[in-house]
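Trainee: My structure is below; once you've seen it, I'll send some questions.
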Amino acid sequence: MTALRLVVFYLACVTAHWWVGTHLSIAGASPSLLLAASVAVATLGGPLTGHSFAFFCGLYLDFMSAGLFGGYSLAFTVCAYIIWFFKWRMDFAGAAAQMALALALTVLVGLEYGVIGLVFTGKLIWRGWAYSILMPLFTAIVTPFLFIAAGMLSLDGGKRP
Amino acid sequence: MVSGFRLSGASRVLSRGLMNKEKRLANLALLIFATLSLLFLVLPTGPVVGGARAILSFATYPFINTGENISEAAYGIPAGVVSLLKTEQENRRLRGAEKEDALLRAQLEAALAENRRLAALAALAPVPRWKGIWAGVIERDPAHWNSSITINRGLRDGVAPHDPVIGVQNGKTGLVGKIIEVSRETSKVLLMTDDMFSVTCYVQGRGWDALAEGQGRELLRLNYLPTEAQPEAGAEVFTSPASVVYPPGLSIGAVLRVHSRENFMTFISADLVPTIRPGAVKEVYVLKKAAEARPK
Numbered sequence: 008m009t010a011l012r013l014v015v016f017y018l019a020c021v022t023a024h025w026w027v028g029t030h031l032s033i034a035g036a037s038p039s040l041l042l043a044a045s046v047a048v049a050t051l052g053g054p055l056t057g058h059s060f061a062f063f064c065g066l067y068l069d070f071m072s073a074g075l076f077g078g079y080s081l082a083f084t085v086c087a088y089i090i091w092f093f094k095w096r097m098d099f100a101g102a103a104a105q106m107a108l109a110l111a112l113t114v115l116v117g118l119e120y121g122v123i124g125l126v127f128t129g130k131l132i133w134r135g136w137a138y139s140i141l142m143p144l145f146t147a148i149v150t151p152f153l154f155i156a157a158g159m160l161s162l163d164g165g166k167r168p
Numbered sequence: 004m005v006s007g008f009r010l011s012g013a014s015r016v017l018s019r020g021l022m023n024k025e026k027r028l029a030n031l032a033l034l035i036f037a038t039l040s041l042l043f044l045v046l047p048t049g050p051v052v053g054g055a056r057a058i059l060s061f062a063t064y065p066f067i068n069t070g071e072n073i074s075e076a077a078y079g080i081p082a083g084v085v086s087l088l089k090t091e092q093e094n095r096r097l098r099g100a101e102k103e104d105a106l107l108r109a110q111l112e113a114a115l116a117e118n119r120r121l122a123a124l125a126a127l128a129p130v131p132r133w134k135g136i137w138a139g140v141i142e143r144d145p146a147h148w149n150s151s152i153t154i155n156r157g158l159r160d161g162v163a164p165h166d167p168v169i170g171v172q173n174g175k176t177g178l179v180g181k182i183i184e185v186s187r188e189t190s191k192v193l194l195m196t197d198d199m200f201s202v203t204c205y206v207q208g209r210g211w212d213a214l215a216e217g218q219g220r221e222l223l224r225l226n227y228l229p230t231e232a233q234p235e236a237g238a239e240v241f242t243s244p245a246s247v248v249y250p251p252g253l254s255i256g257a258v259l260r261v262h263s264r265e266n267f268m269t270f271i272s273a274d275l276v277p278t279i280r281p282g283a284v285k286e287v288y289v290l291k292k293a294a295e296a297r298p299k
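Residue numbers (the numbering used here), protein chains in the order written: chain Z, 8 to 168; chain R, 4 to 299.
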């Protein structure tokens, strides 16, 4: 049942991400709802749930881009692992902590994707300053809402390692 | 007290076992998904990647298409009301314009016939008429703003990979990109601003041949201009008749600035402002392949 709820949540996030990106971008940047959702699910769910959700969110972004296929899925999976590693050491219950986590991870994903581009195509993928500054901020702002939505999925948070 | 201590110890051992299981699971998940991602990166055109793309296409595009239809309907309501109010006025104006258009069309047909006759006399390849299909942009992610867009036409509408895509902006027609991926109902367009895009072209007037290349940002790069070429700012650049994919004479952009030649370079380059700004394009026209469109 949880798996079915996750699939529905995934498809809703994909549709929302597409709609926001296509119709609501400001100065060429919009929140990455898929990253925010991945952060929320990885924090609230167990390792398998978090990693697989993040992987498929990244895969959708790979599918939509004309460039590296697999770059975002790798970057998102690494983020899910980082979240799992830190979630028992830090408190992500408050909105401020969730926003800070999303902000840091959005920057990290940008860097990871740039480095992956450098390794696989020989070119550092750089989206420009406006995008690199605004996108993490927008993503951080929407993250607490995605935590609320993911909280309704009744995910099993896993055992403390 | 002793039995309590023993119970607490057993509980701790059980808890530690669960912790290790959790840790193993996290490491395993990381290993599996990272390996899959690396496989996708290493084998970008293999059956594994093709399969993954097909599954994602079937799973996500119905939602995106439905979302786009709903958005269009919602956006269309105020515009529809205004349009209804304007229709009567426009109808009257169009009735007059229609007569003028008929005259213009007759002139155009005559000019085309004359062009074909002259082309035949000069033994030139006939210039095919553009034939294609209009498509709406249904997806444009800021993460790849200057790289690709998705349109709502696909295999079902006769769209094929490598079909040229053009657009109209501010009354000007120009190149937008080309189709790189087609599914049943949608297609992906590689924009000419993407750094993987290039097209042979010539500069208006002097006819210098060059190569227009995307740079991953709004401006294009015009490379391999002969060293004696000094195109003026504003000079328009068109697709070359030498291009296999694109019809000749299609506007690509206008020269913004010419870069000074370095000593070690055998050519000069320039920056181009695209005729069609991909970031603002809402609707495009997909040209059917030239061979199919060529008049018989």
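No residue lacks a Cβ here, since even glycine has one placed at the ideal position from N, Cα and C.
Using alpha carbons as the reference points, say which of N173/R, G174/R and L225/R lies closest to R260/R.
Mentor: Position 257 of the second sequence, counted from the start, is the residue given in the question as residue 260/R. It is L225/R.
Trainee: Could you have a look at D274/R and say whether DSSP puts it in helix, strand or coil?
Mentor: Locating residue 274/R in the second sequence gives position 271, counting from the first residue. Three-state DSSP puts D274/R in a strand.
Trainee: For L41/Z and C64/Z, which I take to be in contact (beta-carbon distance under 8 Å), what is that distance rounded to the nearest angstrom?
Mentor: Taking the first sequence and counting its residues from 1, one reaches residue 41/Z at position 34. Taking the first sequence and counting its residues from 1, one reaches residue 64/Z at position 57. Confirmed, about 4 Å.
Trainee: What does A77/R touch in chain Z if you count any residue whose Cβ is under 7 Å from its own?
Mentor: For the purposes of this step, residue 77/R is taken as residue 74 along the second sequence, with counting starting at 1. Per Cβ cutoff of 7 Å: no residues; A77/R is ~10 Å from chain Z at best.
Trainee: Can you check whether the C-beta of M169/R is within less than 8 Å of a C-beta belonging to chain Z?
Mentor: Indexing the second sequence from 1 puts residue 169/R at position 166. Per the sequence presented here, residue 169/R reads as Ile, with Met not at that position. No, I169/R lies away from the interface with chain Z (no Cβ there is under 8 Å from its Cβ).
Trainee: If you follow the beta strand (DSSP E) that T50/Z is in, where does it begin and where does it stop?
Mentor: The residue given as residue 50/Z occupies position 43 in the first sequence. It is not in any beta strand (DSSP E) - T50/Z instead sits in the alpha helix (DSSP H) that spans L40 to L51.
Trainee: Please return the same chain residues whose Cβ sits closer than 7 Å to the Cβ of G117/Z, not counting the five positions on each side in sequence.
Mentor: What you label residue 117/Z is simply residue 110 of the first sequence in a count that begins at 1. Excluding residues within five positions, the ones whose Cβ falls inside 7 Å are S139.
Trainee: If the cut is a Cβ gap below 8 Å, which residues of chain Z does R264/R touch?
Mentor: Residue 264/R sits at position 261 when you count from the first residue of the second sequence. Those do not exist, as R264/R stays about 24 Å from chain Z at its closest Cβ, beyond 8 Å.
Trainee: Give the interface partners of K285/R over in chain Z, defined as CB-CB distance under 9 Å, in chain order.
Mentor: If you number the second sequence from 1, residue 285/R lands on position 282. At a beta-carbon threshold of 9 Å, none of the residues of chain Z lie near K285/R; the nearest stands roughly 10 Å away.
Trainee: Kindly indicate if chain R contains any beta-carbon less than 8 Å away from that of A10/Z.
Mentor: Start at 1 with the first residue of the first sequence, and residue 10/Z comes out as number 3. Not flagged as an interface residue toward chain R: A10/Z, since no C-beta distance is shorter than 8 Å.
Trainee: Got a sec: which bits of the region 59-88 of chain R sit with their beta carbon under 7 Å from any beta carbon on chain Z, in order along the chain?
Mentor: L59, T63, F66, I67, G70 and S74
Trainee: Taking contact to mean at least 3 C-beta pairs separated by less than 8 Å, is the region 218-237 of chain R in contact with the region 266-280 of chain R?
Mentor: yes
Trainee: Kindly say whether F241/R, judged by its beta-carbon, lies nearer than 8 Å to any beta-carbon of chain Z.
Mentor: Walking along the second sequence from the start, residue 241/R turns up at place 238. With 8 Å as the cut-off, F241/R does not count as an interface residue toward chain Z.
Trainee: When DSSP labels each residue in this structure, what does Y249/R get in the three-state scheme?
Mentor: The sequence position of residue 249/R within the second sequence is 246, counting from 1. It is coil, neither helix nor strand.
Trainee: Taking any Cβ of chain R, which residues in the region 123-137 of chain Z have a Cβ under 9 Å from it, in chain order?
Mentor: Per Cβ criterion, the list reads I123, V126, F127, K130, I132, W133, R134 and G135.
Trainee: Leaving out five residues on either side along the sequence, give the residues of the same chain with a beta carbon under 6 Å from the beta carbon of A147/Z.
Mentor: Counting from 1 along the first sequence, the entry for residue 147/Z is found at position 140. So the qualifying residues of the chain are M106, A109 and L110.
Trainee: Do L214/R and S150/R have their CB atoms nearer than 8 Å?
Mentor: As a first step, residue 214/R is located in the second sequence; it is residue number 211 there, counting from the start. As a first step, residue 150/R is located in the second sequence; it is residue number 147 there, counting from the start. In this structure, S150/R does not lie closer than 8 Å to L214/R by Cβ.
Trainee: Check whether the Cβ of E216/R lies closer than 8 Å to any Cβ atom in chain Z.
Mentor: Residue 216/R sits at position 213 when you count from the first residue of the second sequence. Taking Cβ atoms only, chain Z never reaches closer than 8 Å to E216/R, which makes this a no.
Trainee: Determine the direct distance from the alpha carbon of G158/Z to that of P167/R, and round the result to whole angstroms.
Mentor: In the second sequence, residue 167/R corresponds to position 164, counting from 1. In the first sequence, residue 158/Z corresponds to position 151, counting from 1. Whole-angstrom Cα-Cα distance: 46 Å.
Trainee: Between P54/Z and chain R, is the shortest Cβ-Cβ distance under 8 Å, so that the two count as touching?
Mentor: Position 47 of the first sequence, counted from the start, is the residue given in the question as residue 54/Z. Taking CB atoms only, P54/Z has a neighbour in chain R less than 8 Å away.
Trainee: State the Cα-Cα distance for the pair A296/R and I183/R, rounded to the nearest angstrom.
Mentor: Working through the second sequence from its first residue, we reach residue 296/R at position 293. Working through the second sequence from its first residue, we reach residue 183/R at position 180. Residue placement at A296/R is flagged as unreliable, the pLDDT there being 45, under the threshold of 50; the coordinate-derived value follows with that caveat. So the alpha carbons of these two residues sit roughly 20 Å apart.
Trainee: On the DSSP bridge list, what partners appear for R169/R?
Mentor: Working through the second sequence from its first residue, we reach residue 169/R at position 166. Residue identity check: residue 169/R is Ile in the sequence provided, not Arg. I169/R pairs with L178/R and Y288/R.
Trainee: Can a CB atom of chain R be found closer than 8 Å to the CB of F76/Z?
Mentor: For the purposes of this step, residue 76/Z is taken as the residue at position 69 of the first sequence. Judged by the 8 Å Cβ criterion, F76/Z is in contact with chain R.
Trainee: Apart from the five residues just before and just after P151/Z, which ones in its own chain have a Cβ nearer than 7 Å to its Cβ?
Mentor: What you label residue 151/Z is simply residue 144 of the first sequence in a count that begins at 1. Within the same chain, P151/Z has close Cβ partners A102, Q105 and M106.
Trainee: Can you check DSSP and say which residues form a bridge with C204/R?
Mentor: Walking along the second sequence from the start, residue 204/R turns up at place 201. Answer is A213/R and T242/R.
Trainee: Can you tell me which of V258/R, K191/R and E286/R puts its alpha carbon nearest to the alpha carbon of Y64/R?
Mentor: Taking the first residue of the second sequence as position 1, residue 64/R is located at position 61. When each option's Cα is compared against that of Y64/R, the closest is K191/R.
Trainee: Of all Cβ atoms in chain Z, is any one closer than 8 Å to the Cβ of R56/R?
Mentor: Here residue 56/R refers to the residue found at position 53 when the second sequence is read from its first residue. Yes, contact with chain Z.
Trainee: Could you check where the beta strand (DSSP E) with V149/Z kicks off and where it finishes?
Mentor: The sequence position of residue 149/Z within the first sequence is 142, counting from 1. That residue, V149/Z, is in no beta strand (DSSP E); its alpha helix (DSSP H) goes W136 to G158.
Trainee: So P164/R contacts chain Z; which residues on that side make the cut at Cβ distance below 9 Å?
Mentor: What you label residue 164/R is simply residue 161 of the second sequence in a count that begins at 1. In chain order: nothing, as chain Z lies at least about 13 Å away.
Trainee: At the level of alpha carbons, what is the spacing between Q218/R and I73/R?
Mentor: Within the second sequence, numbered from 1, the residue matching residue 218/R stands at position 215. Within the second sequence, numbered from 1, the residue matching residue 73/R stands at position 70. C-alpha separation (whole angstroms): 34 Å.
Trainee: For the structure I just gave you, are there three or more beta carbon pairs, one from the region 200-207 of chain R and one from the region 72-89 of chain R, closer than 8 Å?
Mentor: no
Trainee: Residues bridged to W137/R by DSSP?
Mentor: Locating residue 137/R in the second sequence gives position 134, where the first residue counts as 1. DSSP lists Y288/R as partners of W137/R.
Trainee: Determine, for R156/R, whether the minimum Cβ-Cβ distance to residues of chain Z falls below 8 Å.
Mentor: Start at 1 with the first residue of the second sequence, and residue 156/R comes out as number 153. Using a CB distance cut-off of 8 Å, R156/R does not count as an interface residue toward chain Z.
Trainee: Starting from the beta carbon of A170/Z, find every residue of chain R whose beta carbon is closer than 9 Å, and list them in chain order.
Mentor: With chain Z covering only 8 through 168, there is no way to say anything about residue 170/Z.
Trainee: Nearest-angstrom Cα distance between A375/R and W137/R?
Mentor: Outside the shown range of chain R, which is 4 to 299, sits residue 375/R, and nothing can be said about it.
Trainee: Rounded to the nearest angstrom, how far is the Cβ of A61/Z from that of A49/Z, given a contact under 8 Å?
Mentor: Along the first sequence, one-based indexing puts residue 61/Z at 54. Along the first sequence, one-based indexing puts residue 49/Z at 42. About 6 Å separates the two Cβ atoms, so the contact holds.
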